[in-house]
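Protein chains in written order, with the working numbering: chain A, 1 to 206; chain B, 1 to 179.
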Amino acid sequence: MITKTIDEKKPNISDEQLIARFQLGDVQAYDILVHRYKDQLLNFVFRFVGNRTDAEDIIQETFLRVYRNKHMYKEIAKFSTWVYTIAGNLAKTELRRRKRHKIFSVSNFVNEEKDFDIPDRDHSPEKKVDSSIQESIIQKAIEKLPIKFKEVIVLRDIQGFAYEEISQILNIPLGTVKSRVNRGRLKLQEDLKFLFENTQKNVMER
Amino acid sequence: MTNCDKFKLHYSDYIDGELPADQCQEVDHHLTLCPTCREIVRQMKIIQQSLRQIPQIATSPDFEAKLKQQILQQNPHRSFATFPWQSWKLPAMGSAIVLATVGLFLVLNNDSGPTLQSSPKPESIINNAAPQLPGKKNPTISEGRSTMATESTTRILDDSLRADSMRINPEGIQPVGVK
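Spelled out as C-alpha cells, the structure:
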C-alpha cells in the first residue's frame, strides 16, 4: 500500500507538517495521518464506549471531520491534541445518546456507586492479580467509571498521555486533570479490591 | 477529613513519582504506619500496571477503504486518488500560470510595437515630434486620439491618471483639466 510505504520511508515528517500539506490539498498527507492515528484512536474510543463497532464508527466520523474541517486546525496545538479532542467529544456524545435512549439497563443507573456487577467474579484471581488483571474485568470496571474519570484514566493510564496534553485535549485545568486521575484510580481500586481479597489474606497469613 | 483521607489525595502523584520530596517522605512515613493505605497503594499500582498492559485492538482491514468511500460520497467532485506528483502539483501549476501570463504579456507587447510603427497614424507623427512622456501608449484607443489630433492637440492616454490630465501640442506639454 502506498500510504504505508511513504510513512515508513519518511517517518520523520511530523503530524503538523502533514496536516499543513493536507491543508494545501495534498490528500496523501491525509492518508498518512489516518494511518498513524486510526488504531490508537480506536483504542481510546473503544475503552471509552466499550463497543468495538461503535468505536470504529466514531473513528470514521472523526477522520471525516478532519477531512471536512482541515482548515479549522491551527498550529498552536499539536495535531494529536486536536484529533483526540474530536474523537473524545464524539465518544461523549455517543455515551449521552445511549443514556438518553436507555440502552444501558436501568439497574446500572439506579445505584451507580454501589451496583457493580462483574460476571467473571469467580475466576481465580490469585493466579493473575499480582501481575495483571484480566482484560474483560478491567474493561468493565473502566466502563463503570463516571465519564469525567473514565476519559482521564484512559488517556493517562492506557494511552500514556502527559497531564499537560490531557488538559489541552479535554480543555480543563491541569489541577483538575490530576485530581480526576487520582479519584479515578481510587475508584478503580475500590471497585476491583475484591480481586485482591484472597491474595491479601495470603499476605496477612504469611 | 481523616489522616488517611488527606494522604489519599496524593497517592496518584506518589505512584507517578511526581510528588515533591518532602511530601513523598510524609506519604512514605504514613504508609509504614498504616497497613490499609499501604494495601490501597499496592493495589493501585497493580491496576495501573494492568491498564498499561491492556491488549491493543486494531481497526478492521477495510477501515481506510470505507473512509475513502464515505469521503467520496460526501465530496463527489473530489478525486481521492493519490499520485506521487501531488506534493509538488500545486507549486508547479502556480509557476506555469505565472510563466504563461508573463509570456503572453511579452508577446502582446512585442506585437503592438511594430504594428504601430509600420502604419504610422497622425497622432504618432505628432507624438514623435513632441517630447516623450513616460508610460506606454495604448493602441486600443487610437480612434479617440486621432480625433484629438485633428484639433492639433492630442492626449496621451495611459494607464495612469497623470497622463490623462495632459495634452500635447507640437510646442510641448501643457497641463489641462481632466476630461
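Heads up, the beta-carbon is just placed ideally off N, CA and C, and yes, glycines get one too. The structure presented is a predicted model; accordingly, all values stated were derived computationally and were not measured.
| Asked | Found |
| --- | --- |
| Just tell me which of LEU108/B, VAL41/B, PHE7/B and ARG38/B has its CA closest to the CA of GLU26/B. | PHE7/B |
| Can the beta-carbon of GLN60/A be found closer than 9 Å to that of PHE63/B? | yes |
| Could you check where the alpha helix (DSSP H) with ARG36/A kicks off and where it finishes? | 27-49 |
| For the alpha helix (DSSP H) that contains TYR11/B, what are its first and last residues? | 11-16 |
| Would you mind reading off the limits of the alpha helix (DSSP H) that contains PHE22/A? | 15-23 |
| In angstroms, rounded to a whole number, what distance separates the CA positions of HIS153/A and ILE169/A? | According to the sequence provided, residue 153/A is Ile. The question's His does not apply to it. Going by the C-alpha atoms only, they are around 13 Å apart. |
| Could you give the C-beta distance for GLU135/A and ILE97/B, rounded to a whole number, given that I count them as a contact under 8 Å? | The pair is not a contact, with the Cβ atoms about 58 Å apart (cut-off 8 Å). |
| Measure the alpha-carbon distance for VAL41/B versus ILE158/A and round it to whole angstroms. | 19 Å |
| I'd like to check one pair, LYS92/A with ILE137/A: are the Cβ atoms closer than 9 Å? | no |
| Would you mind working out which of LEU188/A, TYR84/A and SER167/A sits nearest ILE142/A, comparing C-alpha positions? | LEU188/A |
| Quick one, are the C-beta atoms of GLU151/A and SER60/B less than 9 Å apart? | no |
| For the region 49-70 of chain B, enumerate the residues whose C-beta is nearer than 7 Å to any C-beta of chain A, in chain order. | GLN49, SER50, LEU51, ARG52, GLN53, ILE54, PRO55, GLN56, ILE57, ALA58, THR59, SER60, PHE63, GLU64, LYS66, LEU67 and GLN70 |
| Whether or not the region 13-22 of chain A and the region 78-87 of chain A are in contact is what I'm after, with contact meaning three or more pairs of Cβ atoms, one per stretch, closer than 8 Å; do they touch? | yes |
| Just confirm the distance between the C-beta atoms of GLN48/B and ARG185/A, as a whole number of angstroms; I'd bet it's less than 8 Å. | 7 Å |
| Under 9 Å, Cβ to Cβ, is there at least one residue of chain C near LYS6/B? | This model lacks chain C altogether, as its protein chains are A and B. |
| Please list the terminal residues of the continuous alpha helix (DSSP H) segment that includes CYS4/B. | 3-8 |
| Out of curiosity, what's the CA-to-CA distance linking LEU42/A and ALA21/B? | 38 Å |
| Cβ of ASN182/A within 9 Å of Cβ of ASP5/B? | no |
| Around the C-beta of ASP26/A, are 16 or more other C-beta atoms found within 10 angstroms, so that it is buried, or is it exposed? | buried |
| Within its chain, find whatever has a CB closer than 7 Å to the CB of LEU95/A; leave out the 5 residues flanking it on each side and keep chain order. | VAL49 and ILE147 |
| Could you give the DSSP three-state label for GLU75/A: helix, strand or coil? | coil |
| Can you find a CB in chain B that lies within less than 9 Å of the CB of ASP39/A? | yes |
| Grab the span of the alpha helix (DSSP H) containing ASP157/A for me, first residue to last. | Looking at the DSSP string, ASP157/A is not in any alpha helix (DSSP H), and its letter there is neither H nor E. |
| LEU192/A versus chain B: which residues are under 8 Å apart at the beta carbon? | GLN43 and ILE47 |
| Would you mind giving the Cβ-Cβ distance between LEU195/A and ILE133/A, rounded to the nearest angstrom? I have them listed as a contact below 8 Å. | 6 Å |
| What separation, rounded to the nearest whole angstrom, lies between the Cα atoms of GLY88/A and VAL45/A? | 7 Å |
| Between the region 63-93 of chain A and chain B, which residues of the former have a C-beta closer than 8 Å to a C-beta of the latter? | PHE63, LEU64, TYR67 and ARG68 |
| My assumption, with CB atoms under 8 Å, is that LEU67/B sits in contact with PHE63/A. Please give the rounded CB distance. | 6 Å |
| On the CB-based measure, 16 or more other CB atoms within 10 Å of its CB, does LYS74/A come out buried or exposed? | exposed |
| If the cut is a Cβ gap below 8 Å, which residues of chain B does VAL15/A touch? | Reading off the sequence, residue 15/A comes out as Asp, not Val. The contacting residues do not exist; ASP15/A stays about 16 Å from chain B at best. |
| For THR85/A, tell me which candidate among GLU190/A, ARG100/A and VAL66/A has the shortest Cα-Cα distance. | VAL66/A |
| If you follow the alpha helix (DSSP H) that PRO35/B is part of, which residue opens it and which one closes it? | 35-52 |
| Taking 9 Å as the CB-CB cut-off, is LEU106/B touching chain A? | no |
| Output yes or no for whether 9 Å exceeds the beta carbon distance between ILE58/A and LEU18/A. | no |
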